[in-house]
Amino acid sequence: MKKKLHAFSANYQSAFIFCFALLLNVGVINGQTEIATNGDFETGDDTGWLLFQNGGSVVLDNTISNGGTWSGKLETGGPSNPAFKQEAIGVGAVAAGDLVTISFDHIGSVVQPGAVFNVLLFGEGAAGASFTHVFNPAPVLAATWTTFTGTFTIPLGTDVSGGVSFLIEAVCGGDVGCSVSANIDNVSVTVPVAAPSARVQVIHNSADAAASLVDVYLDGTLLIDDFAFRTASPFINAPAGTPISVAIAPSTSTSVADAIATFPYTLAVDETYVLVAEGIVSPSGYSPATAFDIAVYGLGREAAVTAGNTDVLVHHGSTDAPTVDVDEVTAGNLVNDISYGEFDGYLALPTADYQLQVKDATGTTVVASYDAPLATLNLDDAALVIVASGFLDPSVNSNGPAFGLWVALPSGGALLELPAGGTAITDPTVSALEKGSTGNDLYVYSGLPGSTVANFNFNAFQGAGTISEVDIESDGNNTGKIENLSFYGAQWDAEDLVAGGYTFVHLDYYATTSSEFNFYLIDATAGIPGGNAEEPRYRFGGATPDEAIVAGEWRSIFIPLSHFTSYPTPNFSYDLNDIFQWKFDGNGTVYFDNVYFSSTNVLGTNDFELNDFSVSPNPTRDNWIVKTNNQIINSVVVFDILGKQVLKLTPNSSEVIIDATELNNGVYLTKITTSNGSKTVKLIKQ
Numbered sequence: 000m001k002k003k004l005h006a007f008s009a010n011y012q013s014a015f016i017f018c019f020a021l022l023l024n025v026g027v028i029n030g031q032t033e034i035a036t037n038g039d040f041e042t043g044d045d046t047g048w049l050l051f052q053n054g055g056s057v058v059l060d061n062t063i064s065n066g067g068t069w070s071g072k073l074e075t076g077g078p079s080n081p082a083f084k085q086e087a088i089g090v091g092a093v094a095a096g097d098l099v100t101i102s103f104d105h106i107g108s109v110v111q112p113g114a115v116f117n118v119l120l121f122g123e124g125a126a127g128a129s130f131t132h133v134f135n136p137a138p139v140l141a142a143t144w145t146t147f148t149g150t151f152t153i154p155l156g157t158d159v160s161g162g163v164s165f166l167i168e169a170v171c172g173g174d175v176g177c178s179v180s181a182n183i184d185n186v187s188v189t190v191p192v193a194a195p196s197a198r199v200q201v202i203h204n205s206a207d208a209a210a211s212l213v214d215v216y217l218d219g220t221l222l223i224d225d226f227a228f229r230t231a232s233p234f235i236n237a238p239a240g241t242p243i244s245v246a247i248a249p250s251t252s253t254s255v256a257d258a259i260a261t262f263p264y265t266l267a268v269d270e271t272y273v274l275v276a277e278g279i280v281s282p283s284g285y286s287p288a289t290a291f292d293i294a295v296y297g298l299g300r301e302a303a304v305t306a307g308n309t310d311v312l313v314h315h316g317s318t319d320a321p322t323v324d325v326d327e328v329t330a331g332n333l334v335n336d337i338s339y340g341e342f343d344g345y346l347a348l349p350t351a352d353y354q355l356q357v358k359d360a361t362g363t364t365v366v367a368s369y370d371a372p373l374a375t376l377n378l379d380d381a382a383l384v385i386v387a388s389g390f391l392d393p394s395v396n397s398n399g400p401a402f403g404l405w406v407a408l409p410s411g412g413a414l415l416e417l418p419a420g421g422t423a424i425t426d427p428t429v430s431a432l433e434k435g436s437t438g439n440d441l442y443v444y445s446g447l448p449g450s451t452v453a454n455f456n457f458n459a460f461q462g463a464g465t466i467s468e469v470d471i472e473s474d475g476n477n478t479g480k481i482e483n484l485s486f487y488g489a490q491w492d493a494e495d496l497v498a499g500g501y502t503f504v505h506l507d508y509y510a511t512t513s514s515e516f517n518f519y520l521i522d523a524t525a526g527i528p529g530g531n532a533e534e535p536r537y538r539f540g541g542a543t544p545d546e547a548i549v550a551g552e553w554r555s556i557f558i559p560l561s562h563f564t565s566y567p568t569p570n571f572s573y574d575l576n577d578i579f580q581w582k583f584d585g586n587g588t589v590y591f592d593n594v595y596f597s598s599t600n601v602l603g604t605n606d607f608e609l610n611d612f613s614v615s616p617n618p619t620r621d622n623w624i625v626k627t628n629n630q631i632i633n634s635v636v637v638f639d640i641l642g643k644q645v646l647k648l649t650p651n652s653s654e655v656i657i658d659a660t661e662l663n664n665g666v667y668l669t670k671i672t673t674s675n676g677s678k679t680v681k682l683i684k685q
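Residues 0 to 685 in numbering that gives the first Met the number 0 are what the sequence shown spells out, letter by letter.
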């Protein structure tokens with residue numbers, strides 16, 4: 000579900016993020032909470048306390064106190080370390096980052112050498128003690144009651160799920176004459192009480208040069224100087240349930256009076272927000288001059304809901320970009336018709352490396368392509384925000400930053416740019432391998448010799464888009480090409496596939512920009528109207544695919560004809576007795592070849608098979624060695640990923656070395672030709 004809300008903002012530069020978090024957290028403290036138990040000993044017993052004699056004496060004492068009746072008394076007896084302890088207190092109230100304050104009254108005496116009066120604080124995590132802190136300076140015993148106060152900030156990221164423990168001990172080593180006698184009273188351990196709060200991440204995405212650096216004010220007080228474009232805060236606590244005011248001002252501001260925009264907001268308690276500051280502040284130089292604003296998403300995430308996934312929130316923040324779709328080249332459509340200022344709800348994606356295509360609202364024209372290397376970046380279990388940022392046409396936007404997709408991580412900091420262009424799927428540089436099955440074949444569209452259908456019409460009908468035949472290798476072998484597919488079909492004299500003994504239909508396809516397409520076999524007498532939901536089809540990609548679409552390589556597919564006869568057609572009578580057309584529909588561009596009916600789904604073995612040769616090492620840093628099984632290699636042609644020929648060899652031997660030392664690192668395709676046929680192999684140079 001898309002959401003476009005407007006209200007609150009704050010902005011932060013990565014160098015000041017930690018400072019900002021501290022400032023905001025100060026604003027959500029609501030006093031202190033006591034986590035010690037029976038600190039004044041007035042129960043008259045050891046309730047809440049653990050007493051460790053450890054060779055000395057630990058008792059409750061009603062002969063002296065600092066108010067009330069009781070105190071606790073520690074006395075050493077030679078080498079010993081008697082102690083009072085409270086263990087695992089403040090569970091649920093203590094958190095990493097909290098300032099813990101310990102205070103107590105004490106009176107007593109020490110005799111040196113070797114006498115120590117200590118106070119220690121411990122963190123209690125799932126795996127045991129997560130930290131140990133000895134307060135220094137230690138309390139100094141005297142003949143009158145004195146108050147000790149010590150503070151310690153629990154480091155961020157520390158596990159204190161089991162609370163904290165503290166220990167007050169008297170220690171004497173082996174020194175002759177050492178002794179400690181101490182009474183303690185009014186022991187207190189406090190931690191801050193958090194006021195109602197929400198979690199907030201803010202992303203600076205205003206591409207206006209005048210807003211490249213901004214100052215941020217919270218309720219009139221300067222929080223951050225010079226927060227930069229394309230940076231984000233981490234998720235931090237912010238006051239909730241009470242009105243606050245956030246103002247954005249130029250980086251040269253001297254007070255909140257210089258603000259260019261102010262946003263009042265009341266955050267919902269315990270909600271998690273993603274806020275994106277975007278739009279134009281300048282009076283001229285930008286087209287369109289969409290006003291500066293804040294887009295707010297109120298269901299933010301700091302981690303993936305399901306382990307092994309990466310949860311991705313997509314936001315359209317490019318002022319001059321139209322409504323677009325976002326597809327993944329194999330998974331199909333991810334985001335449909337997202338407009339400026341909108342969020343599209345979190346996508347729960349298995350953590351992998353993806354190839355994204357930004358398309359126009361029709362889903363047919365690719366505007367740009369990007370890598371989303373979630374696995375390479377080790378984003379397992381993470382949640383992140385992908386923001387469309389910058390201008391499609393900088394020339395009418397003060398030559399501002401160009402359009403791109405940028406990623407904000409929960410930890411904040413500079414946004415990460417998704418690499419553009421590297422994932423664009425290029426047109427095939429070689430034809431599909433022409434190969435029949437091991438059974439009986441009836442060829443519809445193929446250069447293979449054998450039985451063929453009669454009166455084949457390559458383009459019998461079509462919708463929008465361009466239908467053509469192309470000779471990819473200039474060798475007379477034509478390949479079908481559908482550009483900007485809506486629907487298209489071919490026709491031939493009807494064939495009874497049942498009587499012919501055919502049980503499969505085969506096709507090769509190569510998808511470039513297509514994220515989904517369907518393949519149909521049309522029954523001449525079934526009478527199913529075109530576009531009817533009951534038309535039997537085989538789905539490549541899309542929301543409910545029969546198999547995933549694979550882009551950027553030739554795919555050889557056998558489809559059982561039973562798939563078509565089992566397709567639900569309750570209102571029509573569909574059979575295989577008079578098949579006379581195929582039809583494609585879907586989107587993008589697809590090449591196809593070698594469409595035929597077959598009695599088996601096993602490719603023939605007369606041609607050049609993958610197990611007839613080897614290529615090693617692959618990847619390589621210098622050379623690839625190609626070896627065949629006693630077959631003469633006539634030629635080896637190497638193409639780069641854009642289809643440009645970079646090497647050609649004519650070895651006329653069963654083994655050839657391809658010199659890669661002068662090639663740039665990357666992916667290449669090599670076409671290896673023998674007298675038995677050709678094979679195309681992907682090569683990687685590192």
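Built from N, CA and C at the ideal position, the CB exists for glycine as well.
This structure is a prediction, so every number in the text was calculated from the model and none was measured.
Check: Where in the region 506-537 do unbroken runs of the beta strand (DSSP E), each at least 3 residues long, occur, reported from the N-terminal end onward?
Finding: The region 506-537 contains these whole beta strand (DSSP E) runs: 515-522.
Margin query: Just list the residues that DSSP pairs residue 52 with in beta bridges.
Written below: Working through the sequence shown from its first residue, we reach residue 52 at position 53. Residue pairing for residue 52: DSSP places it in no beta bridge.
Notebook entry, point to check: Which residues does DSSP pair with residue 105 in a beta bridge?
Noted result: The residue you call residue 105 lines up with position 106 of the sequence shown. Beta-bridge annotation (DSSP): residue 105 is paired with 145, 183.
Next item on the list: Drop a sphere of 10 angstroms on the beta-carbon of residue 188, count the other beta-carbons inside from all chains shown, and report buried for 16 or more, exposed for fewer.
Entry: Counting from 1 along the sequence shown, the entry for residue 188 is found at position 189. Residue 188 is buried by the Cβ-count criterion.
Check: How do the region 105-119 and the region 195-203 stand: do at least 3 beta-carbon pairs fall below 8 Å, yes or no?
Finding: Under the 8 Å Cβ criterion, the region 105-119 does not count as touching the region 195-203, having fewer than three qualifying pairs.
Next item on the list: Pull up the distance between the alpha-carbon of residue 63 and that of residue 139, whole angstroms please.
Entry: Taking the first residue of the sequence shown as 1, we reach residue 63 at position 64. Taking the first residue of the sequence shown as 1, we reach residue 139 at position 140. Distance between the alpha carbons of residue 63 and residue 139: 18 Å.
Checklist line | C-alpha distance - residue 296 paired with residue 210, whole-angstrom precision | finding: Start at 1 with the first residue of the sequence shown, and residue 296 comes out as number 297. Start at 1 with the first residue of the sequence shown, and residue 210 comes out as number 211. Distance between the alpha carbons of residue 296 and residue 210: 22 Å.
Next item on the list: Starting from residue 623, follow its DSSP beta bridges and name the residues at the other end.
Entry: What you label residue 623 is simply residue 624 of the sequence shown in a count that begins at 1. Looking at the DSSP output, residue 623 sits in a beta bridge with 657.
Next item on the list: Run through the region 359-421 for me and flag every whole alpha helix (DSSP H) of 4 or more residues, listed as ranges in chain order.
Entry: List check, alpha helix (DSSP H) in window: nothing returned.
Checklist line | Sequence-distant residues of the same chain with beta carbon closer than 8 Å to residue 34, five excluded per side | finding: Taking the sequence shown and counting its residues from 1, the one referred to as residue 34 is at position 35. Leaving aside the five residues that flank residue 34 on each side, the residues in its chain whose CB is nearer than 8 Å to its CB run, in chain order, 88, 89, 92, 93, 162, 163, 188, 189, 190.
Notebook entry, point to check: So the beta strand (DSSP E) residue 164 belongs to, where does it begin and stop?
Noted result: As a position in the sequence shown, residue 164 is number 165, starting the count at 1. Start and end: 163-171.
Notebook entry, point to check: Residues in its own chain within less than 7 Å of residue 263 by CB, not counting five upstream and five downstream?
Noted result: Counted from its first residue, the sequence shown places residue 263 at position 264. Cβ neighbours of residue 263 beyond the five flanking positions: 242, 244.
Next item on the list: Grab me the residues of residue 638's own chain with a C-beta within less than 6 Å of its C-beta, minus the 5 sequence neighbours each way, in chain order.
Entry: The count along the sequence shown starts at 1 and reaches residue 638 at position 639. Contacts found: 428, 644, 668.
Margin query: Measuring straight from C-alpha to C-alpha, what distance separates residue 726 and residue 363?
Written below: Given that the chain is displayed from residue 0 to residue 685, the structure contains no residue 726 and the question cannot be resolved.
Next item on the list: Can you tell me the Cβ-Cβ gap for residue 537 and residue 505, rounded? I've got them flagged as a contact below 8 Å.
Entry: Indexing the sequence shown from 1 puts residue 537 at position 538. Indexing the sequence shown from 1 puts residue 505 at position 506. A Cβ-Cβ separation of about 12 Å leaves residue 537 out of contact with residue 505 under the 8 Å criterion.
Next item on the list: Indicate the three-state DSSP secondary structure (helix, strand or coil) for residue 592 in the structure shown.
Entry: Within the sequence shown, residue 592 is the residue found at index 593, counting from 1. Reduced to three states, the DSSP call for residue 592 is strand.
Checklist line | Simplified DSSP state of residue 577, which is helix, strand or coil | finding: If you number the sequence shown from 1, residue 577 lands on position 578. Coil.
Next item on the list: Taking the CB atoms as reference points, tell me whether residue 459 and residue 489 lie closer together than 8 Å.
Entry: In the sequence shown, counting from the first residue as 1, residue 459 sits at position 460. In the sequence shown, counting from the first residue as 1, residue 489 sits at position 490. Against a cut-off of 8 Å, the Cβ pair of residue 489 and residue 459 comes out as a contact.
Note to self: Comparing C-alpha positions only, which one of 371, 480, 278 sits nearest to residue 351?
What the structure shows: Residue mapping note: residue 351 aligns to position 352 of the sequence shown, counting from 1. Of 371, 480, 278, the residue nearest in Cα terms is 371.
Notebook entry, point to check: According to the neighbour-count rule (16 or more other Cβ atoms, all chains shown, within 10 Å of its Cβ), is residue 447 buried or exposed?
Noted result: To locate residue 447, count along the sequence shown from 1; it is residue 448. It is exposed - the Cβ of residue 447 has fewer than 16 other Cβ atoms within 10 Å.
Next item on the list: Please confirm if the region 653-673 is in contact with the region 625-633, defined as three or more CB-CB distances below 8 Å between the two stretches.
Entry: With a cut-off of 8 Å, the region 625-633 and the region 653-673 count as touching, because enough Cβ pairs lie within range.
Margin query: Checking the sheet assignment: what are the DSSP bridge partners for residue 214?
Written below: Residue numbering aside, residue 214 sits at position 215 when the sequence shown is read from its first letter. Looking at the DSSP assignment, residue 214 forms a beta bridge with 248.
Item checked: Where residue 561 sits in the DSSP three-state scheme -> In the sequence shown, residue 561 corresponds to position 562, counting from 1. In the structure shown, residue 561 falls within a helical segment according to DSSP collapsed to helix, strand and coil.
Notebook entry, point to check: Should residue 95 and residue 153 be called a contact, given that it needs their Cβ atoms to be closer than 8 Å?
Noted result: In the sequence shown, the residue the question calls residue 95 occupies position 96. In the sequence shown, the residue the question calls residue 153 occupies position 154. Less than 8 Å separates the beta-carbon of residue 95 from that of residue 153.
Check: Who are the Cβ neighbours of residue 331 in its own chain at under 6 Å, not counting the five residues just before and after it?
Finding: The count along the sequence shown starts at 1 and reaches residue 331 at position 332. Answer for residue 331: 514, 515, 540, 541, listed in chain order.
Note to self: Is the beta carbon of residue 55 closer than 8 Å to that of residue 86?
What the structure shows: Mapped onto the sequence shown, residue 86 falls at position 87. Mapped onto the sequence shown, residue 55 falls at position 56. Cβ distance not < 8 Å, so residue 86 and residue 55 don't count as in contact.
Check: Between the beta-carbon of residue 278 and the beta-carbon of residue 290, is there less than 8 Å?
Finding: The residue labelled residue 278 in the question sits at position 279 within the sequence shown. The residue labelled residue 290 in the question sits at position 291 within the sequence shown. It is a contact, given that the beta carbons lie within the stated cut-off.
Next item on the list: Can you say whether residue 316 is buried or exposed, counting buried as having 16 or more other CB atoms within 10 angstroms of its CB?
Entry: As a first step, residue 316 must be located in the sequence shown, where it is residue number 317. Looking at its Cβ environment, which holds 16 or more other Cβ atoms inside 10 Å, residue 316 is buried.
Item checked: Presumed contact (8 Å Cβ cut-off) between residue 502 and residue 535, rounded CB distance -> Walking along the sequence shown from the start, residue 502 turns up at place 503. Walking along the sequence shown from the start, residue 535 turns up at place 536. Not a contact, Cβ separation roughly 15 Å.
Checklist line | Range of the contiguous beta strand (DSSP E) that encloses residue 69 | finding: For the purposes of this step, residue 69 is identified with residue 70 of the sequence shown, where counting begins at 1. If you look at residue 69, you'll find it isn't in any beta strand (DSSP E); DSSP assigns it neither H nor E.
Item checked: Length-filtered (3 minimum) beta strand (DSSP E) runs lying within the region 294-361 -> Counting whole runs of 3 or more residues, the region 294-361 contains the beta strand (DSSP E) stretches 308-315, 323-327, 331-337, 342-349, 352-359.
Checklist line | Given residue 400 as reference, the closest of 389, 598, 249 once Cα atoms are compared | finding: Your numbering for residue 400 matches position 401 in the sequence shown. That would be 389, whose Cα lies nearest to the Cα of residue 400.
Notebook entry, point to check: For residue 268, which residues does DSSP report across the bridge?
Noted result: Stepping through the sequence shown from its first residue, residue 268 is reached at position 269. Paired residue(s): none; residue 268 is not in a bridge.
Notebook entry, point to check: Which term fits residue 354, buried or exposed, when burial requires 16 or more other beta carbons within 10 angstroms of its beta carbon?
Noted result: Counting from 1 along the sequence shown, the entry for residue 354 is found at position 355. Residue 354 is buried by the Cβ-count criterion.
Next item on the list: Find the nearest neighbour of residue 484 within the set 602, 461, 682, judged by alpha-carbon distance.
Entry: Within the sequence shown, the letter at position 485 stands for residue 484. Taking the Cα of residue 484 as reference, the smallest distance to any Cα among 602, 461, 682 is reached at 461.
Notebook entry, point to check: Would you report the Cα separation of residue 376 and residue 572, rounded to the nearest angstrom?
Noted result: Reading the sequence shown from its first residue, position 377 is the one you call residue 376. Reading the sequence shown from its first residue, position 573 is the one you call residue 572. The alpha-carbon atoms of residue 376 and residue 572 are separated by roughly 53 Å.
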